[in-house]
Amino acid sequence: MPVKGAEKKTTQPVAGGVPTQRRLSQLPRQSIITGFRDDDQDFGNMPDLSDEALRPVRPDDQLKLTDAELNEEHTRILTARNPQAAENIVRFSYKDRTFKPIPQVDQLAVHFQLDGNLIHRDSEEGKRQLVRDIGEQALGEVETTPTKAAVTEGEPTTKEGEDEDEEKPKKPTGPAGKGKKLTNQFNFSERASQTYNNPCRDRETFVEQTPRSVFTDNVSQWSIFDAYNEDFDQQQKAKEKEHKKVAVKKDDERKKKFVVAEQTGDDMAKLARSKSASISLKILERMINQNTFDDIAQDFKYWEDAADEYREQEGSLLPLWIFQYDLTKKLACTNLAWNTRYTDLFAVSFGSYDFLKQSRGMFLIYSLKNPSFPENIFITDTGVMCLDFHPNHPNLLACGFYDGSVAVYNIADEYKRPKYQSTARNGKHTDPVWQVRWQKDDLDGNLNFYSISSDGRIVCWTLVKSDLMYIDVVQLKLEKPATEPDEGIPLATLGCGTCFDFNKQQDYLFIAGTEEGKIHKCSKSYNNQFLDTFDAHHMAVYAVRWNTFHPKIFISCSADWTVKIWDINFKDPLFVYDLGSAVGDVTWAPYSSTVFAACTADGKVYVFDLNVNKYEPLCEQIVVQKKRTKLTHIVFNQNFPIILVGDDRGNITSLKLSPNLRKKPKVKKGQEAPEGPEAENAKLDKILALIRDPDDTKNKSISAQQTSTVPATTS
Amino acid sequence: MAAEGGEAETQQKEESKRHTYPLVRTCDMNDELKTECMELCVTACEKFSQNNESAARMIKETMDKKFGPTWQCIVGEGFGYFIEHEVKSLLYMFFGGTTAIIVWKCA
Numbered sequence: 001m002p003v004k005g006a007e008k009k010t011t012q013p014v015a016g017g018v019p020t021q022r023r024l025s026q027l028p029r030q031s032i033i034t035g036f037r038d039d040d041q042d043f044g045n046m047p048d049l050s051d052e053a054l055r056p057v058r059p060d061d062q063l064k065l066t067d068a069e070l071n072e073e074h075t076r077i078l079t080a081r082n083p084q085a086a087e088n089i090v091r092f093s094y095k096d097r098t099f100k101p102i103p104q105v106d107q108l109a110v111h112f113q114l115d116g117n118l119i120h121r122d123s124e125e126g127k128r129q130l131v132r133d134i135g136e137q138a139l140g141e142v143e144t145t146p147t148k149a150a151v152t153e154g155e156p157t158t159k160e161g162e163d164e165d166e167e168k169p170k171k172p173t174g175p176a177g178k179g180k181k182l183t184n185q186f187n188f189s190e191r192a193s194q195t196y197n198n199p200c201r202d203r204e205t206f207v208e209q210t211p212r213s214v215f216t217d218n219v220s221q222w223s224i225f226d227a228y229n230e231d232f233d234q235q236q237k238a239k240e241k242e243h244k245k246v247a248v249k250k251d252d253e254r255k256k257k258f259v260v261a262e263q264t265g266d267d268m269a270k271l272a273r274s275k276s277a278s279i280s281l282k283i284l285e286r287m288i289n290q291n292t293f294d295d296i297a298q299d300f301k302y303w304e305d306a307a308d309e310y311r312e313q314e315g316s317l318l319p320l321w322i323f324q325y326d327l328t329k330k331l332a333c334t335n336l337a338w339n340t341r342y343t344d345l346f347a348v349s350f351g352s353y354d355f356l357k358q359s360r361g362m363f364l365i366y367s368l369k370n371p372s373f374p375e376n377i378f379i380t381d382t383g384v385m386c387l388d389f390h391p392n393h394p395n396l397l398a399c400g401f402y403d404g405s406v407a408v409y410n411i412a413d414e415y416k417r418p419k420y421q422s423t424a425r426n427g428k429h430t431d432p433v434w435q436v437r438w439q440k441d442d443l444d445g446n447l448n449f450y451s452i453s454s455d456g457r458i459v460c461w462t463l464v465k466s467d468l469m470y471i472d473v474v475q476l477k478l479e480k481p482a483t484e485p486d487e488g489i490p491l492a493t494l495g496c497g498t499c500f501d502f503n504k505q506q507d508y509l510f511i512a513g514t515e516e517g518k519i520h521k522c523s524k525s526y527n528n529q530f531l532d533t534f535d536a537h538h539m540a541v542y543a544v545r546w547n548t549f550h551p552k553i554f555i556s557c558s559a560d561w562t563v564k565i566w567d568i569n570f571k572d573p574l575f576v577y578d579l580g581s582a583v584g585d586v587t588w589a590p591y592s593s594t595v596f597a598a599c600t601a602d603g604k605v606y607v608f609d610l611n612v613n614k615y616e617p618l619c620e621q622i623v624v625q626k627k628r629t630k631l632t633h634i635v636f637n638q639n640f641p642i643i644l645v646g647d648d649r650g651n652i653t654s655l656k657l658s659p660n661l662r663k664k665p666k667v668k669k670g671q672e673a674p675e676g677p678e679a680e681n682a683k684l685d686k687i688l689a690l691i692r693d694p695d696d697t698k699n700k701s702i703s704a705q706q707t708s709t710v711p712a713t714t715s
Numbered sequence: 001m002a003a004e005g006g007e008a009e010t011q012q013k014e015e016s017k018r019h020t021y022p023l024v025r026t027c028d029m030n031d032e033l034k035t036e037c038m039e040l041c042v043t044a045c046e047k048f049s050q051n052n053e054s055a056a057r058m059i060k061e062t063m064d065k066k067f068g069p070t071w072q073c074i075v076g077e078g079f080g081y082f083i084e085h086e087v088k089s090l091l092y093m094f095f096g097g098t099t100a101i102i103v104w105k106c107a
């Protein structure tokens with residue numbers, strides 16, 4: 001019975017292979033490992049235990065199985081399925097109206113479950129609790145303060161103690177009113193700060209080493225002794241000197257002062273006056289001038305008017321330097337003369353043509369190299385009306401004055417006094433001297449010159465040693481008037497001479513012009529009589545000039561606005577030009593026998609070339625800046641193609657002639673250009689031949705003829 | 001003999017008197033610096049007439065205090081020297097007929 005009873009108790013479905021729930025003592029044997037034999041054989045696996053005490057004891061209610069059953073293999077599969085969970089749960093599906101098995105059955109088997117009591121502080125419950133806690137805290141605080149003294153109370157004290165304990169951890173964590181901060185490993189705060197560090201800046205400097213020097217010596221007893229002795233001696237000497245010094249001091253002081261003053265004053269003045277300095281200064285001045293007037297100097301040398309190629313019968317005058325001097329601004333230029341040897345040197349005389357306004361006069365020596373200041377200045381009492389350089393002695397200058405005297409200057413002299421001067425006793429003229437001219441040395445070798453003046457005399461002056469001797473050469477006698485006085489001796493009245501010129505080839509022959517308009521042909525040998533007279537002009541003749549090359553042709557200009565060219569043998573002028581204004585001066589060109597220039601009172605310069613145009617000037621140009629400046633004199637330079645023009649404002653203008661004005665006649669190819677005076681003469685002759693009528697006899701007559709058959713050309 | 005000896009003695013005394021004053025051989029300093037330094041040297045030598053080292057110490061230290069660091073000083077009766085000194089900072093003098101003092105400044 002007990003066996004069966006045991007079987008009953010442990011009845012379990014054998015099918016299915018589900019491991020049965022067996023007794024605890026057997027469970028370990030019939031464990032996970034499959035195919036494990038159990039029951040009796042299992043016992044065999046255990047260590048053989050002979051002791052009966054150690055033998056396993058079969059309980060009575062153990063299931064008794066046959067061997068076959070025991071050997072049966074039960075497969076066990078390990079799955080994650082919950083054995084308790086149902087396998088075939090069905091549910092009624094209303095859609096399908098059938099019972100359907102649920103596809104998945106929840107296999108979750110809860111083995112243990114415990115509910116915790118932590119709540120998140122942000123959840124509703126947590127917040128409610130926090131609020132409640134804070135409220136308790138406040139209450140706790142209020143309570144503690146008044147009740148701190150009363151510590152003996154029981155429950156409240158313990159509660160307070162608890163509250164205090166609660167507070168303590170709370171207080172350090174944060175201020176009341178805000179949310180609590182719990183310092184723990186999950187919720188903590190760090191504090192850090194970074195102070196502001198000032199930026200660093202490097203500074204470097206390099207210091208100069210202090211100056212040092214080396215010192216060396218040897219010192220010993222004897223050197224010390226010697227040094228003291230030396231010093232002692234010096235002191236003695238010094239004492240002696242002092243005694244002497246006191247006495248001498250006073251004298252020295254006086255002398256010193258004088259010497260010092262002289263030295264400082266003299267040095268500079270001496271330096272300036274010394275010859276070498278003056279030369280250097282002169283050169284320096286010229287250099288500065290050259291730099292200042294550099295463009296003019298270049299023009300003077302090189303500029304040729306290119307336009308002249310295109311205009312055959314015209315030329316132009318290029319203004320170069322203007323020579324001015326302060327003191328001559330109110331004076332008129334009365335004469336110009338180039339130096340015979342130094343081609344850049346020229347002399348200008350200044351005076352006044354106005355009868356009423358007579359003041360001092362002067363003449364200046366200018367050089368082209370220094371246009372801003374004259375080289376030499378000579379101031380005279382009266383106006384200088386004319387001057388002339390000696391052809392052989394370039395330092396001798398003869399000049400004639402307004403008061404009638406003549407003088408000879410040596411311009412190289414330092415003293416600005418004339419070497420010779422004519423006086424009232426010495427035959428000076430009674431009227432202004434209008435022209436002076438040097439002549440060749442006389443037979444004795446003395447220098448001599450001629451002068452002509454308004455008092456009607458032409459005088460020859462001779463320089464004899466230190467005296468000036470005069471000889472009346474000619475007296476310009478007027479022709480007898482038509483009406484003769486009935487009584488008395490007819491006195492010969494003298495005309496007024498204004499200009500003269502000596503023939504270059506025949507020295508004794510000269511022509512003189514007068515205020516009455518006549519030109520007289522005279523000879524040095526004949527005192528009283530003229531060789532010939534020309535009724536040249538209606539007004540005063542201002543200038544007469546012989547032609548540079550041709551011995552028989554001369555030119556004259558006058559206040560009656562005309563310029564006339566004459567042949568000495570003919571009474572009538574060959575050419576007459578009307579220039580529209582009083583002609584101050586006319587002069588032949590030194591390089592050509594057919595070129596001449598004239599200057600007029602309206603400030604114009606006319607240049608004619610008979611070879612090119614017989615009737616019209618090649619150039620007619622105003623050369624002065626200010627209007628109403630009369631041009632008084634004009635001269636050509638011997639070497640350079642420039643002319644000088646003086647005006648009545650004291651200025652001298654230099655002008656360069658354009659190529660057309662200094663033409664030489666065109667030459668056929670192959671032939672040599674004929675040069676020299678003969679060629680010039682021939683040139684002029686050719687022109688004259690064209691002018692003159694074949695009927696020459698009438699023109700050659702000496703007696704004056706009113707009617708002229710010569711076709712005198714007028715312009 | 002005695003008289004001559006006496007004369008010689010007096011002469012010596014005179015000479016020694018002559019040679020006691022401070023004699024400046026070389027001085028590169030400004031005037032005020034020079035006068036102060038001279039006075040200091042004289043004082044030091046009179047105070048420490050037996051001991052050159054103390055005199056030199058006193059001079060050097062006083063100069064450092066007054067005029068800035070790096071002064072050097074030698075006091076003695078017989079020596080040779082070769083030194084480098086800053087310009088305007090040298091004094092070389094004799095004192096007392098037997099002592100030579102040289103003071104200079106050099107870094």
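Respectively, the protein sequence lines represent chains A and B.
First residue of the first sequence: 1, per the UniProt record's numbering; consecutive thereafter.
First residue of the second sequence: 1, per the UniProt record's numbering; consecutive thereafter.
Each residue gets a CB set at the ideal place from its N, CA and C atoms; glycine is no exception.
_chain A contact residues for residue 98 of chain B, given Cβ-Cβ distances below 7 Å_ = Contact annotation for residue 98 of chain B against chain A: 221, 224 [CB-CB distance below 7 Å, chain order].
_Interface partners of residue 205 of chain A on chain B, CB under 7 Å_ = What residue 205 of chain A touches in chain B, judged by beta-carbon distance under 7 Å, is nothing: the nearest beta carbon there is about 17 Å away.
*Can you grab the Cα-Cα spacing for the pair residue 89 of chain B / residue 246 of chain A, in whole Å?*
Cα-Cα distance, rounded: 37 Å.
*asked:* Tell me which residue opens and which closes the beta strand (DSSP E) that residue 335 of chain A is part of.
replied: Counting along the chain, the beta strand (DSSP E) containing residue 335 of chain A begins and ends at 332–338.
*Using a Cβ cut-off of 9 Å, pull out every chain A residue sitting near residue 86 of chain B, in sequence order please.*
Going along chain A in sequence order, the residues near residue 86 of chain B (Cβ under 9 Å) are 210, 211, 212, 213.
*Say whether chain B places a C-beta atom closer than 9 Å to the C-beta of residue 172 of chain A.*
The pLDDT assigned to residue 172 of chain A is 44, lower than 50, so where the model puts this residue is not dependable, and the model offers no usable value.
*asked:* Please tell me whether residue 227 of chain A has its Cβ less than 9 Å away from any Cβ of chain B.
replied: Judged by the 9 Å Cβ criterion, residue 227 of chain A is in contact with chain B.
*Answer yes or no: does any C-beta atom of chain A fall closer than 9 Å to that of residue 59 of chain B?*
Judged by the 9 Å Cβ criterion, residue 59 of chain B is not in contact with chain A.
*Interface partners of residue 77 of chain B on chain A, CB under 7 Å*: Going along chain A in sequence order, the residues near residue 77 of chain B (Cβ under 7 Å) are 221.
*So, residue 407 of chain A versus residue 421 of chain A, is the Cβ gap smaller than 9 Å?*
Yes; because the gap between Cβ atoms is below 9 Å, this pair is in contact.
*Touching by the beta-carbon criterion (3+ pairs, under 8 Å), the region 553–567 of chain A and the region 534–541 of chain A*: At 8 Å Cβ cutoff, the stretches touch.
_Using a Cβ-Cβ cutoff of less than 6 Å, which residues in the same chain neighbour residue 235 of chain A once the five nearest sequence positions on both sides are dropped?_
Hits under 6 Å: none found.
*Just confirm the distance between the C-beta atoms of residue 518 of chain A and residue 502 of chain A, as a whole number of angstroms; I'd bet it's less than 8 Å.*
Between residue 518 of chain A and residue 502 of chain A the beta-carbon gap is near 18 Å, outside 8 Å, which marks them as no contact.
*Taking one C-beta from the region 640–659 of chain A and one from the region 311–327 of chain A each time, how about it: are there three or more such pairs within less than 8 Å?*
Counting C-beta pairs closer than 8 Å gives three or more between the region 640–659 of chain A and the region 311–327 of chain A, which meets the contact rule.
*asked:* Helix, strand or coil for residue 80 of chain B? Go by DSSP, reduced to three states.
replied: Three-state result, residue 80 of chain B: strand.
*Check residue 300 of chain A in the structure and name its three-state DSSP category.*
In the three-state reduction of the DSSP assignment, residue 300 of chain A falls in the helix class.
*If you draw a straight line from the alpha carbon of residue 42 of chain B to that of residue 197 of chain A, how long is it in whole angstroms?*
Between residue 42 of chain B and residue 197 of chain A, the C-alpha separation is close to 57 Å.
*asked:* Would you say residue 292 of chain A lies against chain B (beta-carbon separation less than 9 Å)?
replied: Residue 292 of chain A does not count as touching chain B.
*Which chain B residues sit within Cβ distance under 8 Å of residue 231 of chain A?*
Correct list: 23.
*Under the rule that 16 or more other beta-carbon atoms within 10 Å means buried, what is residue 451 of chain A, buried or exposed?*
Under this definition residue 451 of chain A is a buried residue.
*asked:* On the CB-based measure, 16 or more other CB atoms within 10 Å of its CB, does residue 103 of chain A come out buried or exposed?
replied: Under this definition residue 103 of chain A is an exposed residue.
*Hey, residue 600 of chain A and residue 581 of chain A are a contact pair by Cβ (cut 8 Å); roughly how many whole angstroms apart?*
Contact check for residue 600 of chain A and residue 581 of chain A: beta-carbon distance about 4 Å, within the 8 Å limit, so the pair qualifies.
*Which class does residue 86 of chain B belong to by DSSP, given the choice of helix, strand or coil?*
Of the three classes helix, strand and coil, the one that applies to residue 86 of chain B here is strand, per DSSP.
*Please decide whether residue 94 of chain B counts as near chain A, where near means a Cβ-Cβ distance under 9 Å.*
At least one beta carbon of chain A lies nearer than 9 Å to the beta carbon of residue 94 of chain B.
*For residue 619 of chain A, is the classification buried or exposed, using 16 other Cβ atoms within 10 angstroms of its Cβ as the cut-off for buried?*
Around the beta carbon of residue 619 of chain A, 16 or more other beta carbons sit within 10 angstroms, so the residue counts as buried.
*Just grab the DSSP bridge partners of residue 520 of chain A for me.*
The bridge partners DSSP lists for residue 520 of chain A are A:512, A:533.
*Per DSSP, residue 101 of chain A forms a beta bridge with which residues?*
Residue pairing of residue 101 of chain A in beta bridges, as defined by DSSP: A:90.
*Taking only beta-carbon positions, decide if residue 67 of chain B is within less than 9 Å of chain A.*
Cβ-Cβ to chain A under 9 Å: no for residue 67 of chain B.
*residue 508 of chain A versus A:440, A:662, A:131, residue with shortest Cα-Cα distance*: Ranked by Cα distance from residue 508 of chain A, the first of A:440, A:662, A:131 is A:440.
*asked:* Any beta carbon of chain A sitting closer than 9 Å to that of residue 104 of chain B?
replied: At least one beta carbon of chain A lies nearer than 9 Å to the beta carbon of residue 104 of chain B.
*asked:* Can you tell me where the beta strand (DSSP E) holding residue 63 of chain B begins and where it ends?
replied: In the DSSP annotation of this structure, residue 63 of chain B is not part of any beta strand (DSSP E); the continuous alpha helix (DSSP H) holding it starts and ends at 52–67.
_Exposed unless 16 or more other CB atoms sit within 10 angstroms - verdict on residue 171 of chain A_ = Per-residue confidence for residue 171 of chain A stands at a pLDDT of 46, beneath the threshold of 50, marking its modelled position as unreliable; no derived number is given.
*DSSP beta-bridge partners for residue 362 of chain A?*
Residue 362 of chain A pairs with A:350, A:379.
*In whole angstroms, what is the alpha-carbon distance linking residue 107 of chain B and residue 195 of chain A?*
Cα to Cα, the separation comes out at about 43 Å.
*Report all residues from its chain with a CB closer than 7 Å to the CB of residue 346 of chain A; omit the five preceding and five following residues, and keep chain order.*
Closer than 7 Å at Cβ, skipping near neighbours: 336, 337, 338, 339, 366, 644.
*Among A:445, A:124, A:466, A:405, which residue has its Cα nearest to the Cα of residue 457 of chain A?*
Of the listed residues, the one whose Cα sits closest to residue 457 of chain A is A:405.
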